[in-house]
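K.L.:
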Amino acid sequence: MANAIDLHVGKRLRRRRRLLGLTQQQLAEAVGIRFQQIQKYECGANRISASRLFELSEALHVPVQYFYDGLGEDPAERQLDGELGPDVFSQKETMDLIRAYYRLGEGPRRRLLDLAKSLNGE
13 MANAIDLHVG KRLRRRRRLL GLTQQQLAEA VGIRFQQIQK YECGANRISA
63 SRLFELSEAL HVPVQYFYDG LGEDPAERQL DGELGPDVFS QKETMDLIRA
113 YYRLGEGPRR RLLDLAKSLN GE
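So the sequence shown is numbered by this note's numbering: it starts at 13 and just counts up by one.
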C-alpha cells in the first residue's frame, strides 16, 4: 500500500517529467534504471531512495525539495487562496500550453503573459 508521501513525491516526479516533455524511458536512461521503475515511482508503488531522488532531481533540473513542495498543504485551502489546484499540471492541455509558451521568444512571452493577465482582470 502506497504511503501518502510516496504518492505526493511520485506525482511531483510525473509532473516535472511531463513538463520537460520527457518519456519515462528517457528519464530512466538518464538515471540508469528501467522505465518500469519510473512507473512504480510515479504511482507510489515503490519508494525512492535518497540517492535516487538526488539523481532524479539532477536529471529533471530541480532541487530535491521540489518533490516535497506542497506536502502537508490542504488542496482546498490552496484553491481558496487563488492558487492552482493540485492536478492542473497533470492535464495535457496545461502541458501543451506551457511548452508552446516557452518555445516563444522573450518578447512574445511577455506580451502573451500581459494579455492573459488583462483577460483575467489583473
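Don't be surprised by glycine CBs; every beta carbon is placed ideally from N, CA and C.
As the structure is a prediction and not an experimental result, all values here were calculated from the model.
Compute the beta-carbon to beta-carbon distance between V43 and A71, rounded to the nearest angstrom, for a pair I have assumed lies under 8 Å.
P.N.:
5 Å
K.L.:
Three-state secondary structure (DSSP) at E89?
P.N.:
Confidence is the limiting factor: at E89 the pLDDT is only 49, short of 50, which leaves the residue's position unreliable, though a coordinate-based value still follows. Here E89 sits in helix by DSSP.
K.L.:
Counting only the same chain and skipping the five closest in sequence on each side, list residues whose C-beta sits under 6 Å from that of L19.
P.N.:
Cβ within range, chain order: G56.
K.L.:
Which word fits L116, buried or exposed, when buried means at least 16 other C-beta atoms lie within 10 angstroms of its C-beta?
P.N.:
Answer is exposed; the Cβ neighbour count stays below 16.
K.L.:
Would you tell me roughly how many angstroms separate the C-alpha atoms of G84 and G22, rounded to the nearest one?
P.N.:
One C-alpha to the other measures close to 15 Å.
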